[in-house]
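Peer 1: These protein sequences, in sequence, are chains W and L. Here this note's numbering is used: the first residue of the first sequence is 1, the next is one more, and so on. Here this note's numbering is used: the first residue of the second sequence is 326, the next is one more, and so on. A virtual CB, placed ideally from N, CA and C, is assigned to each residue, including glycine.
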Amino acid sequence: MTISYRECCKLALRQCLDQDPRAFLMGEDVAAYGGCYAVSKGLLDVYGPERIRDTPLSESGFVGVGIGAAINGLRPIVEVMTCNFSLLALDQIINNAATLRHMSGGQLAVPVIIRMATGAGRQLAAQHSHSFEGWYAHIPGLRILAPATLEDARFMLPAALAEQDPVLIFEHIFLYNQEGELDAKVSSVDLERAAVRRRGTQLSMISYGANVQKCLAAAEVLAADGIEAEVIDLRVLRPLDDATLVDTVRRTHRALVVDEGWRSGGLSAELMARVCELCFDQLDAPPARVCTAEVPIPYPKHLEDAALPQPASIVAAARRVCGRG
Amino acid sequence: MIALPALDRPTALALYREMLLIRRFEERCIELYGAGKIRGFMHLYDGEEAVAVGVMRALEHHDAVVATYREHGQALARGLPPGEVMAELFGKREGSSGGRGGSMHVFDAQRRFYGGNAIVGGGIPIAVGLALADQMLGRPSVTACFFGEGAVAEGEFHESLNLASLWRLPVVFVCENNRWAMGSALDIDEAETDVATKARGYRMAAERVDGMDVVAVAEAAQRAVAIARKGAPCLLEMHTCRFRAHSMFDAQGYRDKAEVERWRERDPLLVLARAGKSHGLFDDDALHAAEQHVRGVIDDAVAFAERGTWEPVEELERHVTAPRPDRRRA
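(1) Excluding five sequence neighbours on each side, which residues of the same chain lie with their C-beta closer than 6 Å to the C-beta of VAL231 of chain W?
(2) Is it the case that the Cβ atoms of GLU356 of chain L and ARG567 of chain L are separated by a distance below 8 Å?
(3) For ARG591 of chain L, collect the residues of the same chain with a Cβ closer than 6 Å to its Cβ; drop the 5 residues on either side in sequence, then sort them by chain order.
(4) Just reading off the alpha helix (DSSP H) that THR149 of chain W is part of, what are its end residues?
(5) Identify the contact partners of PHE574 of chain L in chain W, using a Cβ-Cβ distance below 9 Å as the criterion.
(6) Going along chain L in order, which residues have a C-beta closer than 8 Å to the C-beta of ILE67 of chain W?
(7) From GLN123 of chain W to GLY42 of chain W, what does the alpha carbon distance come to, in whole angstroms?
(8) Starting from TYR439 of chain L and walking both ways along the beta strand (DSSP E), at which residues does that stretch end?
(9) Any Cβ of chain W within less than 8 Å of the Cβ of PHE432 of chain L?
(10) Take CYS9 of chain W and list the residues in its own chain whose beta-carbon comes closer than 7 Å to its own, dropping the five residues that flank it on each side.
(11) Run through chain W and tell me which residues come within less than 7 Å of GLY408 of chain L, C-beta to C-beta.
(12) Are the C-beta atoms of ALA12 of chain W and some chain L residue less than 8 Å apart?
(13) How would you list, in chain order, the residues of chain W whose beta-carbon sits under 8 Å from the beta-carbon of GLU343 of chain L?
(14) Taking all protein chains shown into account, do 16 or more other C-beta atoms lie within 10 angstroms of the C-beta of ILE93 of chain W, making it buried, or fewer, making it exposed?
(15) Taking only beta-carbon atoms, is LEU641 of chain L less than 8 Å away from chain W?
(16) Mind checking which residues open and close the alpha helix (DSSP H) that includes ILE71 of chain W?
(17) Could you tell me which residues DSSP puts in a beta bridge with TRP505 of chain L?
(18) Note down, one range per segment and in chain order, each beta strand (DSSP E) of at least 3 residues found wholly within the segment 527-614 of chain L.
(19) DSSP three-state call for CYS279 of chain W: helix, strand or coil?
(20) So which residues of chain W does ILE444 of chain L contact, with C-beta pairs closer than 7 Å?
(21) Rounded to whole angstroms, what is the Cα-Cα separation between CYS279 of chain W and ARG251 of chain W?
(22) Quick check: is the beta carbon of GLU50 of chain W nearer than 8 Å to any beta carbon in chain L?
(23) Pairs of beta-carbons, one from the segment 59-71 of chain W and one from the segment 450-459 of chain L, closer than 8 Å: are there three or more?
(24) Taking the alpha carbon of PHE432 of chain L as the reference point, which residue from W:VAL189, W:VAL110 and W:MET103 has its own alpha carbon closest?
(25) Nearest by alpha-carbon distance to ASP20 of chain W: which of W:GLU7, W:LEU74, W:LEU57 and W:MET26 is it?
(26) Check the Cβ-Cβ distances between GLY665 of chain L and every residue of chain W, and say whether any is below 8 Å.
(27) Any idea what DSSP makes of PRO450 of chain L, helix, strand or coil?
(28) In the DSSP output, what is CYS500 of chain L paired with across the bridge?
(29) Give the DSSP-derived three-state secondary structure of VAL258 of chain W in the structure shown.
(30) Measure the CB-CB distance between GLY209 of chain W and ALA125 of chain W and report whether it falls below 8 Å.
(31) Tell me whether the segment 544-562 of chain L and the segment 520-534 of chain L touch, counting them as touching only if at least three CB pairs, one residue from each stretch, are closer than 8 Å.
(32) I need the straight-line Cα distance from ALA655 of chain L to LEU486 of chain L, nearest angstrom please.
(33) If you check the beta carbons only, do ALA341 of chain W and ALA288 of chain W fall under 8 Å apart?
(34) Against chain L, with Cβ distances strictly below 8 Å, would ASP20 of chain W count as a contact?
(35) Candidates W:MET116, W:GLU228, W:ARG320 and W:LEU87: which alpha carbon is nearest TYR176 of chain W's?
(36) Would you tell me roughly how many angstroms separate the C-alpha atoms of GLU228 of chain W and VAL221 of chain W, rounded to the nearest one?
In structure tokens, the structure reads:
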């Protein structure tokens with residue numbers, strides 16, 4: 001039976017609400033409307049308005065309320081419609097959620113979960129399409145997750161509920177409608193390790209979120225050309241899983257980073273740096289990256305497509321790294 | 326002259342001692358700052374002591390407190406051990422926050438003292454969240470949230486008042502209106518300078534209070550806590566004055582010295598001393614004894630801080646995330 005990524009997110013929410021009476025969902029239009037991306041549709045009827053809690057358009061306010069409630073014994077799951085809006089709550093996320101444990105000398109724990117949509121691809125233009133997970137991955141004290149698969153969409157949230165620290169979950173808007181079979185053998189996931197989504201021997205493609213699928217598509221094209229690429233899904237953007245990075249690059253000796261964030265000062269830069277720091281002697285070629293063009297995301301489809309990493313641009317970059325450009 | 330109808334001698338003396346402790350504690354802080362024992366930004370509460378002392382009187386141990394970067398007074402009035410507060414200012418491991426926070430970030434989870442928040446307005450949503458948890462978990466506690474009048478220009482103030490009122494949360498918002506947001510007067514920053522009026526716009530009870538009169542503050546706080554305890558937020562606008570600079574790096578070119586001198590005539594210590602003496606609650610000997618007592622407490626606090634230890638550099642990366650003994654550290 002097929003299931004959508006959106007449905008997996010909803011099942012994950014239900015599991016949290018069912019297993020932990022301290023858990024509740026809070027955010028703009030999560031209750032009566034059913035969630036901007038329909039993730040929480042129907043949950044109001046099941047759990048009631050206390051636990052499926054609509055908030056005013058006050059990102060800083062309700063994210064801060066989630067932080068305060070987390071300090072005081074609850075397990076808030078806060079939905080911010082998109083990471084673009086989360087910029088209105090940056091003060092609370094960075095100055096409070098990420099610092100309160102430290103500033104208090106370890107007295108306070110802030111087990112708040114903040115879910116948000118990220119990414120481009122739906123012609124939503126320059127204020128609804130950006131990828132800010134790389135920024136958040138810069139911040140000590142936060143755990144940053146990017147579920148790329150149905151299994152991760154289904155099980156990362158319940159795993160995050162067990163954390164004692166703030167966890168930010170970035171759900172790529174392009175994934176919500178994706179459908180497939182949920183692996184029946186999977187009933188939980190870890191929040192530690194990256195995953196190898198495709199085995200290969202000649203090149204490591206390192207990506208996360210919706211771009212993992214673009215890498216997998218590119219890998220098929222490359223395979224037809226005799227290049228076997230490994231595809232790494234980072235899953236956890238902070239803390240990064242250095243061990244898996246090192247392991248893959250030691251085997252393939254070539255690395256290509258694919259990131260929907262911008263190149264300058266982004267997560268891709270961090271990944272490139274780690275590959276060089278940790279595997280310099282193992283590299284047979286300079287590592288490379290495919291990122292979003294340094295432009296606010298444009299509205300017209302042809303320009304949006306051109307701005308984003310695509311299988312074709314990933315294939316071209318991979319060929320160059322492999323000396324086949 | 327304030328009326329002291331319900332005050333008995335022990336209560337009046339306790340209020341005086343608590344305010345005096347804050348005043349003398351911070352005077353010692355200035356010396357210690359000069360001596361290099363305390364560094365960073367340090368904001369003093371001199372002149373505003375009646376606000377913290379009066380409000381804390383109305384709170385129970387199970388209630389919560391959120392304060393700002395000018396929070397030495399709230400911390401001491403809440404009952405944090407003065408030695409631990411002083412050790413925090415020194416940056417010692419024995420400090421309230423293990424030395425990690427310093428003057429602006431005093432925390433004590435056991436006493437439900439949640440900082441020590443140094444982003445203006447940033448603590449207000451946290452207070453609303455604390456109250457939401459208390460409400461959802463069926464606890465009887467209220468949260469007292471302190472902030473200055475400068476914070477009412479921040480969006481977080483408005484977002485938080487709206488949420489607290491919308492959800493009927495037990496928060497007492499305590500605005501310490503000393504009229505100076507660092508160097509900007511309230512009427513330079515705000516179209517509506519009446520903070521209580523802003524709160525009423527969010528459909529909550531609000532009261533203007535003489536923040537130099539600890540008895541008036543305590544009585545207003547009792548009324549406010551009673552409202553909150555029944556499940557509704559309210560706001561107290563405390564009119565007060567910080568006698569000293571904004572921080573240790575402020576030459577105060579923005580305000581007239583005479584203004585502060587006028588307020589000093591209503592120094593909360595003088596106001597209570599005059600009233601207490603006129604009502605026969607205490608005499609000069611009692612006030613002198615209070616000075617002696619407070620001096621001893623502060624001497625002990627400084628000695629405690631001096632004896633304190635520096636956290637080993639090897640522990641630098643502690644307290645960033647929860648320990649994961651069997652896994653990698655973030």
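Peer 2: Reading off the structure:
(1) ARG197, ARG198, MET205, CYS215, LEU216 and ALA219
(2) no
(3) MET537
(4) Counting along the chain, THR149 of chain W falls outside any alpha helix (DSSP H), and DSSP gives it neither H nor E.
(5) Within chain W, no residue comes near PHE574 of chain L; the closest Cβ sits about 21 Å away, beyond 9 Å.
(6) Under the 8 Å cutoff, chain L gives PRO450, ILE451 and GLY454.
(7) 27 Å
(8) 438-442
(9) yes
(10) VAL39, ALA153 and GLU171
(11) Ordered by position in chain W, no residue passes the 7 Å Cβ test against GLY408 of chain L, which lies about 15 Å from the chain.
(12) no
(13) Those do not exist, as GLU343 of chain L stays about 24 Å from chain W at its closest Cβ, beyond 8 Å.
(14) buried
(15) no
(16) 59-71
(17) The beta-bridge partner set that DSSP reports for TRP505 of chain L consists of L:ALA510.
(18) Runs of the beta strand (DSSP E) inside the segment 527-614 of chain L: 530-535 and 559-564.
(19) helix
(20) Within chain W, the residues whose beta carbon sits less than 7 Å from that of ILE444 of chain L are ASP91 and ASN95, listed in sequence order.
(21) 11 Å
(22) For GLU50 of chain W, the answer is yes, since a Cβ of chain L falls inside 8 Å of its Cβ.
(23) yes
(24) W:MET103
(25) Minimum Cα-Cα distance from ASP20 of chain W among the listed residues W:GLU7, W:LEU74, W:LEU57 and W:MET26 corresponds to W:LEU74.
(26) Within the shown structure, residues of chain L are numbered from 326 to 655, placing residue 665 of chain L beyond reach of any answer.
(27) helix
(28) Paired residues: L:PHE472 and L:GLU562.
(29) In the three-state reduction of the DSSP assignment, VAL258 of chain W falls in the strand class.
(30) no
(31) These segments touch.
(32) Below a pLDDT of 50, predicted positions are generally treated as unreliable, and ALA655 of chain L, at 45, falls in that range; the measurement from the model is reported next regardless. Their backbone Cα atoms lie some 35 Å apart in a straight line.
(33) Since the first residue of chain W shown is 1 and the last is 325, residue 341 of chain W is not available in this structure.
(34) no
(35) W:MET116
(36) 10 Å
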